[in-house]
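Participant: Supplied in structure tokens, the structure appears directly below.
Number of protein chains: 4
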Amino acid sequence: MTDNLVIAGRTFRSRLMIGTGKYPDLETMRAAHRASGAEVVTVAVRRVNLADRSAGSLMDYLDLDRMLILPNTAACYTAEEAIRTARLAREILDTPWIKLEVIGDEKTLFPDNAGLIEATRVLAKEGFIVLPYFNDDLVAARRLIDAGAAAIMPLAAPIGSGLGIQNFTTLRILREMITDVPIIVDAGVGTASDVAIAMEMGMDGVLLNTAVATAQNPPLMAAAMKHAIEAGRMAYLAGRMPRRLYASASSPLDGLIGSRP
Amino acid sequence: MTDNLVIAGRTFRSRLMIGTGKYPDLETMRAAHRASGAEVVTVAVRRVNLADRSAGSLMDYLDLDRMLILPNTAACYTAEEAIRTARLAREILDTPWIKLEVIGDEKTLFPDNAGLIEATRVLAKEGFIVLPYFNDDLVAARRLIDAGAAAIMPLAAPIGSGLGIQNFTTLRILREMITDVPIIVDAGVGTASDVAIAMEMGMDGVLLNTAVATAQNPPLMAAAMKHAIEAGRMAYLAGRMPRRLYASASSPLDGLIGSRP
Amino acid sequence: MTDNLVIAGRTFRSRLMIGTGKYPDLETMRAAHRASGAEVVTVAVRRVNLADRSAGSLMDYLDLDRMLILPNTAACYTAEEAIRTARLAREILDTPWIKLEVIGDEKTLFPDNAGLIEATRVLAKEGFIVLPYFNDDLVAARRLIDAGAAAIMPLAAPIGSGLGIQNFTTLRILREMITDVPIIVDAGVGTASDVAIAMEMGMDGVLLNTAVATAQNPPLMAAAMKHAIEAGRMAYLAGRMPRRLYASASSPLDGLIGSRP
Amino acid sequence: MTDNLVIAGRTFRSRLMIGTGKYPDLETMRAAHRASGAEVVTVAVRRVNLADRSAGSLMDYLDLDRMLILPNTAACYTAEEAIRTARLAREILDTPWIKLEVIGDEKTLFPDNAGLIEATRVLAKEGFIVLPYFNDDLVAARRLIDAGAAAIMPLAAPIGSGLGIQNFTTLRILREMITDVPIIVDAGVGTASDVAIAMEMGMDGVLLNTAVATAQNPPLMAAAMKHAIEAGRMAYLAGRMPRRLYASASSPLDGLIGSRP
């Protein structure tokens, strides 16, 4: 079965995207990356010296033959900062790809949807392939797409919370309404089933970092995530059974209310 | 990593157990069994002619080189019926293994815990390896073990409901309190994430049937379940990150209340 | 609107039942009882000297003009103990009412359903009005009723946990299947909405103790519970709106899956 | 106990706000309003002829001695429309109060947070008391307050869905971070317990319409809502017990994850 993720014309066999922060050490990060099967790795331009490719540098530990590097604008608090950071990333890495973050609150790291729309518009016009990480909001999603986003990345829960998907209703509606670009769930994943659930909802992919990097055994958790993304995607494509209160109940409970679809 | 399931001294590499009912046809069943990786397959003694091994019979479609056949006493409504059915299964199949069902309600197929304890006691004394499917209840669980159960099989939700785990609290407590025999979650699974969640809770395995047999694409759902059981087990062993309201929140939300642990 | 609770022919205007344990002091208990509007108060025969009616005794602080005293067999671990304790209560209090507890596990205080059925049978034959507190199980519920229970009291969650209703599926099925005796949810309530939810599910009443007694302000929490029981009952009788994913969605989401009905 | 809601210097004894749409008839609406105890009633300026006070008009059925009329800008799809509609309402009703709606999607009626911020800024400068209904988003909440909102009204779920609170995490964070203006939960309530839960989370009030207007018995559901708001508020003030897995569990489960706090 060929079932690839395509973003901006590029094909990925894996629907998992992974990060580089918070690992106990770079060897562990590399092992986790391998175990994850991810073909996209995101790097915070403001935290990593992208130009440093020397032995022992973070960049040295990334397997760029297998993985697309996706620079991100973490720690940018305005559209302007994010735009500048994206341009810098393109210059150093010679890539149009950017995971766009405009943070609106220091404590929770919630995104600033307005700032994201503004920055997406500017960057898309400059030829960037923009993947904005945003607060789950249908109206903002449409504006991000109008502004040129190549995919949209709603949060499941606050960054680094590990809470898993909080708002099934909004994500279901996003999936129902948005079909022109991929939806990648980003932020808030805590464990493997969170990933499976996102995929069972019909999401196109998942980006995660803390859940793997701060697990007790990051490479093993990365392998769990690899299986989870397959499990969830296959279950989605396989067409699940209807829910019933019990097997002989007269009517199926098709709807999912405030819970997983 | 060696991480096998051991029940009554027998080792299984897969923690998934699978059924034989409700498939559209036997070819599809066989394909699903293969895709699942399951090494245990359960068969309803009262519904299947176990003696019939002719071409085209259900038994003919089971890959018994790879899978242990686990006869079950579905459709038995008293301990006596279940005991008789277990003996019949042993006679025909020459196996001491029995998945014990004593059904207490025709509509919901809820188990009769009292009948199960009684039948387990009799059968265990006769040398059966008894795996009772029971209503999630700590006090009943201890009595089943005292009566000689080789593993216990609490339900996640009513048979055939597809609702996934309903009572996280009871299952968490079962896991905390019961460590001398394996706990296999049985009944109520609807999709892959249900399996992953059960495994993340530290359960030893999952038995399912309807979720695969009545999916739109049973072999694909079976493959999803294979990945899900790996995902959940690995995530459990990998040690998940703590939950927080947001990344910089002062205290982790370690407990999981009325929800997944 | 007349909407009373009737158990064994006795009519109660309030559907709330309340306990006597864990209060900081007896004055606070009395104030909470008054604020709750409860007409049934339960007392642990093994913990309270029922014969002591002197000033300052617990019994002295109960408003028995307004409230029916419902002795309970807390801390009884066998049917025999519970039967003996019920008889003792009847002797001292001259009441046939008994809230029957047979505890099956010291740590979790989970009930022993088998012991309860046995004790219910004996006590009902002796003319007791038996209200057994049991583990939510349809098959056991039917046996309790066959044994002569005047009402059944499934737990919402472990005693003293404050978790609220854990298994909506089992309680929904109990409500659908059991219509010949009242169902009183007992144990596990943590706050007012837990009570409202139980009533919205069509339960006939709620018994609680810890949630009020160990709140920071017990009389205020008792008043909250009084309102909650009214709110939930009225909402049940008023017939709630159907759920929809959004207002103009084509099909209502009538079923409630793994969640509140 | 004095525990009033104060918005823009005006004191309300009831924390419930109610609507006027979707009732079967105006008599039923009036009866429901009375039963609710609400002191704020919202009216859609674009749907109701506010100038018509003749016998039999909607305005004639509002008890304006007891209730503050809160005009709303429902069915406005741009900031400009909403601003114009607010000015019109002020002219006719001679009130500075406005429940601000800028709808961003016709199907789901999700709010347009950007449009709301813009309209709030303009209207607040003109002396309006602006209560914006918005998509639950901390960054937008802060901007609404900076723009001059007198209270903020995050949605619980899509308007008319009846799903109850979907995102406990975002609402908990809003409550933790926003203390300078009241938070009124608006939209998505389906039944009484939804209201109790919102109040238990520390919200300052709840606005609802469909849940009462389309219940089978609107006045009875309105009475349920009145009790629910009291129940939830009192429970919040009373300080609930900690959650534990079971009563003797060593550590309380204080955090509530992806669920009610």
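Residue numbers (the numbering used here), protein chains in the order written: chain A, 1 to 261; chain B, 262 to 522; chain C, 523 to 783; chain D, 784 to 1044.
Idealized CB from N, CA, C, for every residue including glycine.
Counting contacts by CB-CB distance shorter than 7 Å, is Phe-632(C) in contact with chain B?
Facilitator: By this cut-off, Phe-632(C) is an interface position.
Participant: Along the stretch 424 to 448 of chain B, what residues have a CB closer than 9 Å to any CB found in chain D?
Facilitator: Result list: Thr-430, Arg-433, Ile-434, Glu-437.
Participant: How long is the line joining the alpha carbons of Thr-95(A) and Ala-89(A), rounded to whole angstroms?
Facilitator: Going from the Cα of Thr-95(A) to the Cα of Ala-89(A) covers about 7 Å.
Participant: I'd like to confirm the pairing. Which residues does DSSP put opposite Ala-838(D) in its beta bridges?
Facilitator: According to DSSP, Ala-838(D) bridges with nothing at all.
Participant: Using a C-beta to C-beta distance shorter than 7 Å, which residues of chain B count as neighbours of Ala-1029(D)?
Facilitator: For clarity, residue 1029(D) is Tyr in the given sequence; the question names Ala instead. Residues of chain B passing the Cβ test: Ile-434.
Participant: To the nearest angstrom, report how far apart Gly-780(C) and Gln-427(B) are at their CA atoms.
Facilitator: Residue confidence for Gly-780(C) is low, a pLDDT of 44 falling below 50, so the modelled location carries little weight and cannot support an answer.
Participant: Could you list the residues in the stretch 219 to 241 of chain A with a C-beta less than 7 Å from some C-beta on chain B, going in chain order?
Facilitator: Against chain B - using a Cβ distance shorter than 7 Å - the residues of the stretch 219 to 241 of chain A are Leu-220, Met-221, Ala-223, Ala-224, His-227, Ala-228, Glu-230, Ala-231, Gly-232, Met-234, Ala-235, Leu-237, Ala-238, Gly-239, Arg-240, Met-241.
Participant: With which residues is Leu-207(A) paired in a DSSP beta bridge?
Facilitator: DSSP, once it has assigned bridges, lists Met-17(A), Asp-186(A) as partnering Leu-207(A).
Participant: Locate the beta strand (DSSP E) running through Leu-384(B), then write down its first and last residues.
Facilitator: Counting along the chain, Leu-384(B) falls outside any beta strand (DSSP E), though it belongs to the alpha helix (DSSP H) covering 374 to 386.
Participant: Is DSSP giving Leu-778(C) helix, strand or coil here?
Facilitator: Residue placement at Leu-778(C) is poorly supported in this model, since its pLDDT is 41, which falls under 50; the coordinates still yield a value, given next. Residue state, collapsed to three classes: coil.
Participant: Leaving out five residues on either side along the sequence, give the residues of the same chain with a beta carbon under 7 Å from the beta carbon of Ile-434(B).
Facilitator: Around Ile-434(B): Leu-399.
Participant: At a Cβ threshold of 7 Å, is Ile-458(B) touching chain A?
Facilitator: Judged by the 7 Å Cβ criterion, Ile-458(B) is in contact with chain A.
Participant: Quick check: is the beta carbon of Glu-874(D) nearer than 7 Å to any beta carbon in chain C?
Facilitator: With 7 Å as the cut-off, Glu-874(D) does not count as an interface residue toward chain C.
Participant: Report the neighbours of Ser-161(A) on chain B: residues whose CB is nearer than 7 Å to its CB, in chain order.
Facilitator: The contacting residues are Arg-504, Arg-505, Leu-506, Tyr-507, Ala-508.
Participant: Near Ser-454(B), which residues of its chain fall below 6 Å by C-beta distance, leaving aside the five closest residues on each side in sequence?
Facilitator: Excluding residues within five positions, none has a Cβ falling inside 6 Å.
Participant: To the nearest angstrom, report how far apart Gly-543(C) and Pro-740(C) are at their CA atoms.
Facilitator: Each residue's Cα considered, the two are about 12 Å apart.
Participant: Report the rounded CA-to-CA distance for Val-383(B) versus Ile-344(B), giving the unit in angstroms.
Facilitator: Computed Cα separation, rounded: 8 Å.
Participant: Listed in chain order, which residues of the stretch 806 to 830 of chain D have Cβ atoms closer than 7 Å to some Cβ of chain C?
Facilitator: Going along the stretch 806 to 830 of chain D in chain order, one finds no residue with a Cβ nearer than 7 Å to chain C.
Participant: Could you tell me which residues DSSP puts in a beta bridge with Phe-12(A)?
Facilitator: Bridge partners of Phe-12(A): Leu-5(A).
Participant: Per DSSP, which residues does Asn-72(A) bridge with? Please list them.
Facilitator: DSSP output for Asn-72(A) lists Ala-44(A), Lys-99(A) as bridge partner(s).
Participant: Which chain C residues are close to Glu-975(D), counting only those with a beta carbon under 8 Å from its beta carbon?
Facilitator: The identity of residue 975(D) in the sequence shown is Ala, whereas the question assumes Glu. Ordered by position in chain C, the residues that pass the 8 Å Cβ test against Ala-975(D) are Ala-718, Glu-722, Ala-753, Gly-754, Met-756, Ala-757.
Participant: Between the Cα of Ala-733(C) and the Cα atoms of Leu-799(D), Met-812(D), Met-842(D), Arg-1027(D), which residue gives the shortest distance?
Facilitator: Out of Leu-799(D), Met-812(D), Met-842(D), Arg-1027(D), Arg-1027(D) has the C-alpha closest to the C-alpha of Ala-733(C).
Participant: Mind checking Ala-577(C): buried by the 16 CB within 10 Å criterion, or exposed?
Facilitator: Ala-577(C) should be labelled exposed.
Participant: Cβ closer than 8 Å: which chain B residues qualify as neighbours of Leu-660(C)?
Facilitator: Those within 8 Å of Leu-660(C) in chain B are Gly-365, Asp-366, Thr-369, Phe-371.
Participant: Against chain C, does Asn-396(B) count as a neighbour if the rule is that its beta carbon must be under 7 Å from one of theirs?
Facilitator: Yes, because at least one Cβ of chain C sits closer than 7 Å to the Cβ of Asn-396(B).
Participant: Roughly how many whole angstroms lie between the Cα atoms of Pro-158(A) and Leu-584(C)?
Facilitator: If you take the alpha carbons of Pro-158(A) and Leu-584(C), they lie about 49 Å apart.
Participant: Rounded to a whole number of angstroms, what is the C-alpha to C-alpha distance between Val-703(C) and Ile-529(C)?
Facilitator: Rounded to whole angstroms, Val-703(C) to Ile-529(C) spans 8 Å at the Cα level.
Participant: Which partner residues does Ile-935(D) have in the DSSP bridge list?
Facilitator: Answer is Ile-966(D).
Participant: In the DSSP output, which residue or residues are listed as bridge partners for Phe-917(D)?
Facilitator: Pro-937(D), per the DSSP bridge assignment.
Participant: Can you tell which of Ala-238(A), Ala-247(A), Tyr-246(A), Leu-220(A) has its C-alpha closest to the C-alpha of Met-29(A)?
Facilitator: For Met-29(A), the nearest C-alpha among the options comes from Leu-220(A).
Participant: If I'm right that Leu-693(C) touches Met-675(C) with Cβ under 8 Å, what's the distance once you round it to whole angstroms?
Facilitator: Contact doesn't hold; Cβ gap of about 12 Å is too wide.
Participant: For Gly-298(A) versus Gly-190(A), is the C-beta spacing smaller than 7 Å?
Facilitator: Because chain A in this structure spans residues 1 to 261, residue 298(A) falls outside the shown range and cannot be described.
Participant: What is the DSSP secondary structure of Ile-980(D), counted as helix, strand or coil?
Facilitator: DSSP places Ile-980(D) in helix when its eight states are reduced to three.
Participant: According to DSSP, is Ile-961(D) helix, strand or coil?
Facilitator: Ile-961(D): coil per DSSP, three-state reduction.
Participant: What residues match up with Ile-912(D) in a beta bridge as DSSP calls it?
Facilitator: Trp-880(D).
Participant: Tell me where the alpha helix (DSSP H) around Pro-479(B) begins and ends.
Facilitator: From DSSP, the alpha helix (DSSP H) with Pro-479(B) extends over 479 to 499.
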